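Colleague:
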Amino acid sequence: MLENENRDIELVSLRIPTGWIVRWNIFFDVEPVIENGKIIDNYNDSEDLLWLQSYIPEDKKEHWQEWHIDLGWYHNEAFRLVLFEHDRDHVIKTFESQSIGDIQEKINEWLKNLS
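Under this note's numbering, the first residue of the sequence shown carries the number 119, and numbering increases by one thereafter.
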């Protein structure tokens with residue numbers, strides 16, 4: 119939770135199933151305010167908002183796939199959500215939107231499908 123002068127700002131609620139690690143999360147539940155093509159609030163203005171990684175036990179590393187979900191705000195335009203395997207050279211899917219609700223729904227969908 120981020121404390122603001124006027125209110126407490128919560129993180130976006132996500133359905134993260136067993137088997138996932140939250141590496142980083144500063145994805146606040148505040149819709150972006152955009153004027154003249156630029157984001158004017160500073161809550162989600164970062165290329166590093168969320169990073170989720172699938173957990174793989176040591177004895178399963180040869181057989182299980184390692185998934186990552188990464189979220190950032192890019193070029194003052196939109197949130198960009200990326201699903202990749204092992205590293206950024208193996209991008210499987212991307213999704214862009216200016217809506218927190220759309221991003222939240224897509225993250226939950228990807229997590230459900232990969233679990």
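Don't be surprised by glycine CBs; every beta carbon is placed ideally from N, CA and C.
All values derive from a computational prediction rather than experimental measurement.
Can you tell me the Cα-Cα spacing of Asp147 and Ile139, whole angstroms?
Modeller: Walking along the sequence shown from the start, residue 147 turns up at place 29. Walking along the sequence shown from the start, residue 139 turns up at place 21. Cα-Cα distance, rounded: 20 Å.
Colleague: For Leu199, which beta-bridge partners are listed by DSSP?
Modeller: The residue given as residue 199 occupies position 81 in the sequence shown. DSSP output for Leu199 lists Leu189 and Phe213 as bridge partner(s).
Colleague: Residues in its own chain within less than 8 Å of Val151 by CB, not counting five upstream and five downstream?
Modeller: Position 33 of the sequence shown, counting from 1, holds the residue named residue 151. Excluding positions up to five away in sequence, the list reads Ile157, Ile158 and Asp159.
Colleague: Under the rule that 16 or more other beta-carbon atoms within 10 Å means buried, what is Lys224, buried or exposed?
Modeller: Numbered from its first residue, the sequence shown carries residue 224 at position 106. Counting Cβ neighbours within 10 Å, Lys224 comes out buried, since at least 16 surround it.
Colleague: For the stretch 169-179 and the stretch 207-218, state whether three or more C-beta atom pairs, one from each stretch, are separated by less than 8 Å.
Modeller: Short answer: they don't touch.
Colleague: In whole angstroms, give me the CA-to-CA distance for Ser172 and Thr136.
Modeller: Position 54 of the sequence shown, counted from the start, is the residue given in the question as residue 172. Position 18 of the sequence shown, counted from the start, is the residue given in the question as residue 136. Ser172 and Thr136: Cα-Cα distance of roughly 9 Å.
Colleague: Short of 8 Å in beta carbon distance, which residues of its chain neighbour Ala196, apart from the five on each side in sequence? Order them along the chain.
Modeller: Position 78 of the sequence shown holds residue 196. These residues qualify, in order along the chain: Glu214, Ser215 and Gln216.
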